[in-house]
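**Q** Handing you a structure now.
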Amino acid sequence: MNEYFEELKSLLSKEREDDLAQYQALMSGSSIADKRANGYTWYPVAIRNNEPTKADYLKVELERTTHQDQNHQFKTGVTVRFYSNHDAAQYFIDGSVKAVLGNKLVIHIPADELPDWASEGKLGVDILFDEQGYKEMFYAIKTADSLVGKNELVDVLIGNKSPQFVENEEITNSSALNISQNIALNKVLSSQHVSIVHGPPGTGKTTTLVQIVKALTAKGEKILATAPSNTAIDLLCEKLHLAGVKVLRVGNPNKINDALLAVTQDEQVAKHPYFKDIKKFKLQAREYTQMAHKYKRNFGPSERAQKKLLFEEAKKLMLEAEKLEQYIIDQLNETAQVIAGTPIGLNNALKNNNFTFDTLIIDEAAQALEPSCWISILKAKKVIFAGDHQQLPPTIKNKNLQKQLGCTLMEKLVHLYPQSVTMLNVQYRMNEEIMKFSSQYFYNNLLEAHESVATKLLFGNDLPIEFIDTAGCGFEEKVEGTSISNPEEALLVFKHLSQYLISVPHHKNLQIGVISPYRQQLAHLNENLASLVSKNLTINTVDAFQGQEKEIIYVSLVRSNENGEIGFLHDLRRINVAMTRAKHKLVLIGDSATLCKYPFYEQLVAFIDSKNGYKTAWEFA
């Protein structure tokens, strides 16, 4: 095996082992309430519908009847356990998720009909360990390894061959783009293998990608687009659709609005003229199934034979329906300019055909685990990476692998092939004073604020950036379970924000975000800010704020201790994300005595002090 892929396989194996161990510890030692809170369980659920599908599977629609506002990790393709708690025993059957529709879950289970226990006791569904995702990644690594020396794109991406560019006969300039965005567009158009669009916060990465796709499809190219999260690929699909690009979104979109609904595979299948025939076949199959269900326990051989015959007829009809549906899907795949989804979602959707795409776009590539990228790379002739390796990294379960597996393919290529990189350098989000420190520390001082936002304030002589220092106030951090909090600091956030809003005209319409790296701190922030909570106030972790922007951002840094331990705050990319969500006002609250033992925070506080934004917590006692 090639050395590059051998190492990647080894890293992924270690990650899988750690991921499995963490899953087993969570599921074996936790209550249903804990598993539900971690997003691994829907309990209780009710059966809303069931019907046969092809082969020996039953399609079951479940709906969670309580805790409907809790976040969860159910998604298309994951393996699940459907179960009943009855008479102190647990009965179960394993299946897979076919769709997640709000608070409804569609699963397939290997059965002709619902088990008897499905009508007894309380029903629930658990996520099983994601073995399928790892299988797909290992298979992609094995396949890519077999192409070393035979496939130019593979050779370029592992550093065995330099990427090639062709001179454009004429420069393409889109009036919708600025200078750096147009440079990125032309870099992509000239690339034969790989190009990288580095998009720092607020620099219009998605806008640039839309124009790139329009230019490529105008040349007749067929595009595959992917991203590590449903949210990221949904945003790109929505923008492409609004720009007139013919998009097919496969898999399961998390958010369904009118613009996005129009591009989903389900919606486009439903609008096809043949869909009425699919409905007719399924309706007849359901009627046969209902007739079969009338035969209950304790019936004779003739009734048993009749029941079997009815089930067989239902399956035949469902098979006809699915053949017709696959015909429609194949048509949609052929006519779409862009097919989009997460790597696993795309793999599932395209496994029945042999499409080779002209170009693959990996959006938010700096958050994508490298093995997952290879799943999609093998389907394309060239690839565009888009993202920002100075923002959130991929989630790694094995903390010892952060530097190796946490270094994404995009980040490797940024350093390996600087000639393939274009950094977008004009940002349209932040006041320039909010932008400057991130620009200096993370982006070689190359970012510029567009004139529309550079000096924009919420009112007259407002300070766009502040640091409220809690040093010497006795605001000690507290360990709560596996997380850390600082209740006094949470109260200070409320005091400062309350006083500040009094001075802001029309503050009721302002979009406000309160961020903390520590989940336990969110509980204290929610409690203290309860009187201010409205649809305009969002309180969440750094990760949840990725891709968002608010007019006002508060960051509660939490850590305050004599040992100078800062934990999560060592990950400066997360702090960069937190600071760059603010449009007009950024307030950081923390203990300088703890934080400033580290050069980054010492420089940050000094920078804010130079802008007259340094204050002490005593001023708000």
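My numbering runs 39 ahead of the 1-based position in the sequence shown.
C-beta atoms are modelled at their ideal positions from N, C-alpha and C, and glycine is treated no differently.
Fair warning: this is a prediction, and the values are worked out from it, not measured in the lab.
1. Per the DSSP calculation, V236 is bridged to which residue(s)?
2. Hey, quick one: how far does the beta strand (DSSP E) through V377 stretch, first residue to last?
3. Quick one, are the C-beta atoms of T303 and R288 less than 8 Å apart?
4. Between which residues of its own chain and L167 is the CB-CB distance below 8 Å, once the five residues before and five after are set aside?
5. Considering only the beta carbon of each residue, do T256 and A223 sit closer than 8 Å?
6. To which residues of the same chain is F131 closer than 7 Å at the C-beta, ignoring the five residues directly before and after it?
7. Here's the rule I'm using: 16 or more other beta-carbon atoms within 10 Å means buried, otherwise exposed. How should F498 be labelled?
8. Could you work out which residue in G163, I414, K98 is closest to P661 when comparing CA atoms only?
9. Report the option in T619, I554, N615 whose CA atom is closest to the CA atom of L596.
10. For F396, does the count of other Cβ atoms within 10 angstroms reach 16, so buried, or fall short, so exposed?
11. In angstroms, rounded to a whole number, what distance separates the CA positions of I378 and Y366?
12. To which residues of the same chain is N387 closer than 7 Å at the C-beta, ignoring the five residues directly before and after it?
13. Any contact between the segment 584-593 and the segment 620-640? By contact I mean 3 or more CB pairs, one from each, below 8 Å.
14. For the segment 525-551, list the alpha helix (DSSP H) runs that are entirely contained and at least 4 residues long, ordered along the chain.
15. Which ranges would you report for the alpha helix (DSSP H) in the segment 296-325 if only whole runs of at least 4 residues count?
16. Cα separation between D58 and L349?
17. Is the separation between the beta-carbon of T461 and that of H311 shorter than 8 Å?
18. Candidates V193, G380, L530, I541: which alpha carbon is nearest S268's?
19. Could you work out which residue in I86, R87, M66, S542 is closest to N77 when comparing CA atoms only?
20. Would you identify the three-state DSSP class for D630, choosing helix, strand or coil?
21. Should H454 go down as buried or exposed, given a rule of 16 or more other Cβ atoms within 10 Å for buried?
22. Is T619 buried or exposed, if buried means 16 or more other CB atoms sit within 10 Å of its CB?
23. With DSSP run on the structure shown, which of helix, strand or coil describes R87?
24. How do the segment 174-191 and the segment 403-420 stand: do at least 3 beta-carbon pairs fall below 8 Å, yes or no?
25. Helix, strand or coil: which one does DSSP assign to G134?
26. Using a 10 Å radius around the Cβ and a threshold of 16 neighbouring Cβ atoms, would you call S415 buried or exposed?
27. Whole angstroms is fine: what's the gap from E505's alpha carbon to I614's?
28. Does H623 come out as helix, strand or coil in the three-state DSSP assignment?
29. Tell me whether F555 sits in a helix, a strand or coil according to DSSP, three-state version.
30. What residues in its chain sit with their C-beta under 8 Å from that of G520, if we drop five residues either side in the sequence?
31. Which residue or residues does DSSP assign as beta-bridge partners of K161?
32. Assign Y456 to one of three DSSP states: helix, strand, or coil.
33. Please name the residue in S522, I523, M474 whose C-alpha comes closest to that of G241.
34. State the start and end residues of the unbroken beta strand (DSSP E) segment that holds V286.
35. Taking C-alpha atoms, which residue in L531, Y557, L608 lies nearest to W657?
36. Counting pairs of beta carbons, one from the segment 596-607 and one from the segment 507-523, are three or more of them closer than 8 Å?
**A** To lay it out plainly:
1. A425, T461
2. 377-380
3. yes
4. V117, T118, V119, R120, D133
5. no
6. R120, F121, Y122
7. exposed
8. Only positions 40 to 660 of the chain appear in the structure, and residue 661 is not among them; the question remains open.
9. I554
10. buried
11. 16 Å
12. G116
13. yes
14. 526-541
15. 297-300, 304-309
16. 44 Å
17. no
18. G380
19. M66
20. coil
21. exposed
22. buried
23. strand
24. yes
25. strand
26. buried
27. 15 Å
28. strand
29. Checking the sequence, you will find Ser at residue 555 rather than Phe. Strand, per DSSP.
30. Q559
31. N124
32. coil
33. M474
34. 286-288
35. L531
36. yes
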